[in-house]
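Single-structure report; data block below.
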Amino acid sequence: MPLKNKKIALVHYWLTGMRGGEKVVQSICNIFPDIDIFTLVYDKEKISDAINNHKITTSFIQKLPFAKKKYQNYLPFMPVAVEQFDLSDYDLVISSESGIAKGVLTKPETCHICYCHSPMRYLWNMYFDYMKNEKMGSLKKIFIKWYFNYLRIWDLASASRVDYFVSNSHNVRKRIKKYYSFLSIPDSNFANILIL
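Take the sequence shown: its letter number 126 is residue 345 in my numbering, and every next letter is one higher.
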């Protein structure tokens with residue numbers, strides 16, 4: 220797909236610090252200087268100028284109390300929030316993903332490439348480690364067990380919205396193939412897995 224004169228959007232789960240995922244975002248911004256960014260929560264003071272110089276659209280979670288610091292507490296709202304981003308004007312959507320970002324809705328003709336840092340680890344390969352957290356109260360654990368069951372279903376559904384998965388390691392590729400195995404049926408038009 221020739222990218223000249225194409226509108227490109229980048230969706231990243233949250234921009235609240237410069238960790239590994241945000242450094243990937245910064246690299247993508249360097250490649251596509253006109254890219255628009257969509258994110259659930261944004262803290263301008265903690266993000267590099269290379270990212271801040273782009274048009275950044277946030278979700279309704281940005282306006283909720285303490286969102287910049289306690290954004291993870293709003294996990295139950297995140298699937299709905301990411302689906303509210305209007306990407307209908309974009310020709311290419313790149314999601315920078317380890318959770319919710321790939322859940323965006325795009326038109327059939329829009330190409331959606333997911334740079335997957337990992338499928339949600341707290342839902343899949345590290346679920347039981349996460350549930351052993353002794354600081355988590357009994358009531359919260361009961362809620363999480365029920366909610367994570369729903370979130371796994373949503374995660375699988377949102378994986379089918381991706382045209383191409385890109386991973387940066389063989390370990391991540393294995394996780395993608397394991398948890399989204401329904402996408403790797405031979406001759407499937409849903410997804411191809413690439414290694415950068």
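Even for Gly, the Cβ is constructed at its ideal location relative to N, Cα and C. Note that the structure is a prediction, hence the values are computed from the model and not measured.
Report task. Go through its chain and collect everything with a Cβ distance to Glu241's Cβ below 8 Å, but skip five positions before and after it. Result -> His231, Leu234, Ile266, Ser267 and Ile270
Requested in this report: Could you say which of Asp382, Tyr369, Val299 and Arg394 lies nearest to Arg340 if we only look at CA atoms?
Outcome: Arg394
Query raised in the report: What is the C-beta distance between Phe257 and Phe296, in whole angstroms, given that I count them as a contact (C-beta under 8 Å)?
Result: Contact flag wrong, Cβ pair sits at about 16 Å.
Query raised in the report: How would you write the range of the alpha helix (DSSP H) that Ile270 sits in, first residue to last?
Result: Asp268 to Asn271
Query raised in the report: Mind checking His331: buried by the 16 CB within 10 Å criterion, or exposed?
Result: buried
Query raised in the report: Taking the C-alpha atoms as reference points, what is the distance between Lys424 and Ile319?
Result: Outside the displayed span of the chain (220 to 415) sits residue 424, for which this structure offers no information.
Query raised in the report: Helix, strand or coil: which one does DSSP assign to Ser400?
Result: helix
Query raised in the report: Which residue spans inside the stretch 337 to 366 form an unbroken alpha helix (DSSP H) run of at least 4?
Result: 346 to 350
Query raised in the report: Thinking C-alpha only, which one of Pro284, Leu283, Ala286 and Leu259 is nearest Ile275?
Result: Leu259
Requested in this report: Along the alpha helix (DSSP H) that carries Ser317, what are the first and last residues, could you check?
Outcome: Where Ser317 is concerned, there is no enclosing alpha helix (DSSP H), given that its DSSP letter is neither H nor E.
Query - Sequence-distant residues of the same chain with beta carbon closer than 6 Å to Ser377, five excluded per side - result: Lys321 and Gly322
Query raised in the report: Does the stretch 341 to 349 come within contact of the stretch 358 to 372, defined as at least 3 CB pairs closer than 8 Å?
Result: yes
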